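One rule links them: number in my numbering = place in the sequence shown (from 1) + 6.
Think of the CB as a built atom: it goes at the ideal place given N, C-alpha and C, for glycine as much as any other residue.
Fair warning: this is a prediction, and the values are worked out from it, not measured in the lab.
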Amino acid sequence: MKILHYISGISPTIGGIEIFILNIYEEFKKHGHEIEILTRYVDRRTKMFKMISEAGIKVHSLDVEHLSLKSIVRFKKSVKLFFNN
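In structure tokens form, the structure reads like this:
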């Protein structure tokens with residue numbers, strides 16, 4: 007099973023979703039799950055991005071400044087259907 011999580015951006019703040027993902031990733035990995043992150047923007051220069059990448063978590067960036075919430079929800083549903091098949 008693949009788990010896709012959407013976040014609006016990867017930020018270097020402590021206690022953000024990135025830390026949560028890193029903390030639970032090893033447990034999910036033991037059970038054969040993969041985690042992928044879908045985000046509007048990612049700064050690949052940040053320490054947090056490097057930590058996530060080194061852990062083996064895939065990050066997909068839409069890199070679109072103005073993306074409506076409706077289109078994100080639609081995209082998430084189609085991606086979720088793809089990953090659950």
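### Cβ pair Ile27, Ile63 closer than 9 Å
The Cβ atoms of Ile27 and Ile63 lie closer than 9 Å to each other.
### Residue span of the alpha helix (DSSP H) that contains Ile58, given as start and end
Here the alpha helix (DSSP H) through Ile58 covers 53-60.
#### Entry: His37, enclosing beta strand (DSSP E) - first and last residue
Run containing His37: none; DSSP gives neither H nor E here.
### Message
Using the three-state DSSP reduction, which class does Ile43 fall into: helix, strand or coil?
### Response
Strand.
### Query
Between which two residues does the beta strand (DSSP E) containing Val48 stretch?
Bounds of any beta strand (DSSP E) do not take in Val48, whose DSSP letter is neither H nor E.
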